[in-house]
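Protein chains in written order, with our numbering: chain A, 7 to 217; chain B, 7 to 217; chain C, 2 to 240; chain D, 2 to 240. Working notes, beginning with the structure itself.
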Amino acid sequence: MTGINRTELAARIAADIPVGAYVNLGIGAPTLVADHLPAERNITLHTENGMLGMGPAAEGDEIDPDLINAGKIPVTELPGASYFHHADSFGMMRGGHLDVCVLGAFQVSVGGDLANWHTGAPDAIPAVGGAMDLAIGAKSVWVMMDLLTREGVSKLVEACSYPLTGVGCVNRVYTDRAVFAVGRNGASVIEAFGDTTLDELRELTGLALTE
Amino acid sequence: MTGINRTELAARIAADIPVGAYVNLGIGAPTLVADHLPAERNITLHTENGMLGMGPAAEGDEIDPDLINAGKIPVTELPGASYFHHADSFGMMRGGHLDVCVLGAFQVSVGGDLANWHTGAPDAIPAVGGAMDLAIGAKSVWVMMDLLTREGVSKLVEACSYPLTGVGCVNRVYTDRAVFAVGRNGASVIEAFGDTTLDELRELTGLALTE
Amino acid sequence: MLSKLTPTVADALADIPDGATIMIGGFGRAGQPVELIDQLLVQGATNLTVINNNAGNGDTGLAALLAAGRVSKIVCSFPRQTDSHVFDGLYRAGKIELELVPQGNLAERIRAAGAGIGAFFTPTGFGTTLAEGKETREIGGRNYVLEYPIRADYALISAYRADQLGNLTYRKTSRNFGPVMAAAADVTVAQVDRVVGLGELDPESVITPGIFVSRVVEIGDRAWLAGADVTVEPEGAEA
Amino acid sequence: MLSKLTPTVADALADIPDGATIMIGGFGRAGQPVELIDQLLVQGATNLTVINNNAGNGDTGLAALLAAGRVSKIVCSFPRQTDSHVFDGLYRAGKIELELVPQGNLAERIRAAGAGIGAFFTPTGFGTTLAEGKETREIGGRNYVLEYPIRADYALISAYRADQLGNLTYRKTSRNFGPVMAAAADVTVAQVDRVVGLGELDPESVITPGIFVSRVVEIGDRAWLAGADVTVEPEGAEA
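What follows is the structure, encoded as structure tokens:
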């Protein structure tokens, strides 16, 4: 039973992003996708704190405290960039203008529900940021995550047990073992990695996955 | 029985506009008010088609088809001007940021209802433009009009017979005979012009005006 | 490199089908996409719904499109003008449907479509005939009318400068409906005076980011602006 | 000539009363009105409601204001950060009230206050615990939550350049909440790096028109921007 590593997964996701797309990459692992988007594919990156045309992380003299991404990391500006205020930036997301948004998740349900903002722990300090906006913030919302927790429990589930970030908002789930389509018709396997089989995925997830 | 002419009325209105105010002057007679706002009073004019800091009408070489006012007349730009789009411009009005808006009217009721967009004639082609937005578009909404129609009928009324532009939105009515306050407490006379008396105004309008 | 630049207005509007809903920018002459409107007449699509602040005037542009019987419905704030005889005639003859919308509600409804807002409560129009039949609500002591988004299949707008990514700047009061319409249509076509090189537009001054623009057609400097580049006071202005 | 220029931050914030609702701009460090926040601590007003994207971090700025017990309620999207120990402690001790709002709803609710919108239907948050108890509605097959405007008595924001009329420009991603907050408060105080002469700001590039700004305080160039004027790539940037 094999899968792919995080770098390979980022490359796999990048390969599915259409040429010329406008894309928001969530904080954390999804930012790795940017490393696999060569300039000739003309992907424009959006950061919800008010910019289109975001370039790679800033280094050395490039670092400018007025130019950061949603993770508050200094970034750079590409030719053709533009700046706008927060209401315009989130309107851009809510209005469905971005083609793809890639997010991390605690859990995704077969129906496309997303849980990625809160573990549900009663003493946790809640913090949502832009998570719920990103969840409904693009024509296609893709999740990038490991299929299983460290304890071996599937994060692709029949119904999320963690508090929801969005309802029926996820279209695809990219994991280290397989790529899944989720939504109204339930979960199906788009591609299994390595020698992973559909039966294995059914066993790992406990879900009635279709091909 | 005397009153003041339109130029005097425009000057009278201008005198009531506070120093430093942001003001929208409606199409028609209200534009005359601009002639009585000297630069040292620091009044900023708004035009709802997307500009603050509008200057006088453009003449000769100043005329620029990209720079017009709400009446589609070429205007000029003063130092410190700014441009913005229609949603932002009407948000500025609706949000109560303008200090004063001066409008013409067919009728104003003692409660402050405004009728200035439609005569109610069944065969008229309706056209509202920004009238309903202007009616609720400033902290103070003032009407500039003759007190009587050419037929001698009062335009300050108990209740508007023409279709309404806004409900309870007018604060003051500046006419050739007197200035009235209108609103929840009904109509009162702020100032009568010339030798006009309160009794005359009551007779002309048929209203129980207070002082 | 990918580019949104489209060689001709004909290419830019070729795929507009019959029955399309089309936003057209402009307030008076300022911001009116003249060449795109003229091409829409040539292009032939019919049974159109047009969203514009006005309903055409004189006998050219939008008025010509109306006169050719190509517009079945118009959504606007101010159809009646001194020379709007084409619209007037069609309206009186019952040959065109009119949805009259207060100008600020029109702008905000278009903005709502672009920003993914499902509906909003506006004070404008409350208690008037234009709010008849609409849901109302008192919020915090003020009365509001519930209004819904207005979107379109196409938006035809005019801007000043563009780059190949579709980033746009406008000029003075010609900005008007352009930015909100660009965000509210499936396909936005912008005609611009000039296309500039990538990186030549100041990212701080881009008014419509390219994400909202599908196609850009360079028209060339307008006669009265010829010779005047990015200036505050163009020379050779016409009346 | 009248001017909104105010000599010191102390003058600019002198009239803030106890119990005031105060918006504070910024996303992370970008756009944070550092000097105004520090002055708010000096100024002494207490029982404040603060609207900000975050809830302070480290021990300075907003965190210091919280630590001094001056804030009774905070409205924000992301209070939990690696070094938000001041807020964390107050929250766990029940000493501060938190209204958690998804970031885009926060921005749109602030925008609604400035634009006179009574309430709006947003898809963000539908079906989540943050929408519990809120009115919902299905419109056109999509589910929405009704959200209300957020206004304030004061907005404290940071901008890049200003003129005496209060017209503002921003710099890069420091624009963030500034423009919407400026329009949503009764009194907006902007700290800026530099004030320029009237007419020096391009009217096409003014992001916040002066109508939304009550007071402007010139702070001077920030250290890492010193020597860099209106440039795309400042020299001497710090980490």
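Every residue gets a Cβ at the ideal spot worked out from N, C-alpha and C, and that includes glycine.
GLY142 (chain C) and GLN165 (chain D) have their C-alpha atoms roughly 36 Å apart. Taking each of C:GLN104, C:LEU63, C:PRO103 and C:GLY105 in turn and checking the Cα distance to SER85 (chain C), the smallest one comes out for C:LEU63.
DSSP links SER160 (chain B) through a beta bridge to B:LEU154. Under a 10 Å Cβ-count criterion, THR211 (chain B) is classified as buried, with 16 or more other Cβ atoms of the shown protein chains found around its own Cβ. ALA165 (chain A) and LEU3 (chain C) have their C-alpha atoms roughly 42 Å apart.
In the DSSP assignment, ALA17 (chain B) falls within the unbroken alpha helix (DSSP H) covering 12-22. DSSP places LYS78 (chain B) outside both helix and strand once states are collapsed to three, so it counts as coil. Linking ARG18 (chain A) to ALA31 (chain C) through their CA atoms gives a straight-line distance of about 48 Å.
The Cβ of VAL181 (chain D) sits closer than 8 Å to at least one Cβ of chain A. Taking the Cα positions, LEU66 (chain D) is about 22 Å away from ALA160 (chain D). From the beta-carbon of GLU83 (chain B), the residues of chain D found nearer than 8 Å are PRO204.
For VAL207 (chain D), the chain B residues whose Cβ falls inside 7 Å of its Cβ are SER88, in order along the chain.
In this chain, ALA214 (chain B) is not harboured by any alpha helix (DSSP H), its DSSP state being neither H nor E. Interface criterion not met: the Cβ of PHE127 (chain D) is under 8 Å from no Cβ in chain B.
When the beta-carbon positions are compared, ASP70 (chain B) and ALA64 (chain B) come within less than 8 Å of each other. Look at GLY115 (chain C): its C-beta is under 8 Å from a C-beta on chain A. Within the segment 191-234 of chain C, complete beta strand (DSSP E) segments of at least 3 residues are found at 216-219, given in chain order.
Contact annotation, VAL217 (chain C) with ALA163 (chain C): C-beta distance approximately 5 Å; criterion of less than 8 Å satisfied. GLU136 (chain D) is a Cβ neighbour of LEU147 (chain D), given a cutoff of 8 Å. If one requires a minimum length of 4 residues, the alpha helix (DSSP H) runs lying completely within the segment 77-151 of chain A are 92-100 and 137-141, in chain order. Within 7 Å of the CB of ASP164 (chain D), the CB atoms of chain B belong to GLY86, in sequence order along the chain. Chain-order list of chain D residues neighbouring VAL195 (chain B): empty, with the shortest C-beta distance near 31 Å, by a criterion of under 8 Å.
Using a 10 angstroms sphere on the CB of ASN191 (chain A), the tally of other CB atoms stays under 16, which defines it as exposed. The criterion of a C-beta distance shorter than 8 Å is not satisfied by VAL106 (chain B) and TRP123 (chain B).
In the three-state scheme derived from DSSP, where H, G and I count as helix and E and B as strand, TYR171 (chain C) is classed as coil.
Taking all protein chains shown into account, SER167 (chain B) has fewer than 16 neighbouring C-beta atoms within 10 Å of its C-beta and is therefore exposed. Under the 8 Å criterion on CB atoms, GLY26 (chain A) is classed as interfacial with respect to chain C. Check the Cα spacing between PRO180 (chain C) and each of C:MET24, C:THR50 and C:ALA15: the tightest is with C:MET24. Contact between the segment 46-61 of chain B and the segment 81-92 of chain B is established, with three or more Cβ pairs separated by less than 8 Å.
DSSP places PRO62 (chain A) outside any alpha helix (DSSP H); the residue lies instead in the beta strand (DSSP E), whose first and last residues are 57-63.
With contacts defined by Cβ atoms closer than 8 Å, THR209 (chain D) and ALA185 (chain D) do not form a contacting pair. Put simply, the backbone Cα of PRO24 (chain B) is about 33 Å away from that of ARG110 (chain C).
Using a 10 angstroms sphere on the CB of ALA15 (chain C), the tally of other CB atoms stays under 16, which defines it as exposed. Taking the beta carbon of MET98 (chain A) as reference, the chain C residues within 7 Å of it are ILE212, listed in sequence order. Cβ-Cβ distances below 7 Å link ALA27 (chain A) to ILE49, ASP105 and VAL106 in the same chain, with the five nearest sequence neighbours on each side left out; the list follows chain order.
Within chain B, the residues placing a beta-carbon under 8 Å from that of ASP89 (chain C) are ILE131, ordered along the chain.
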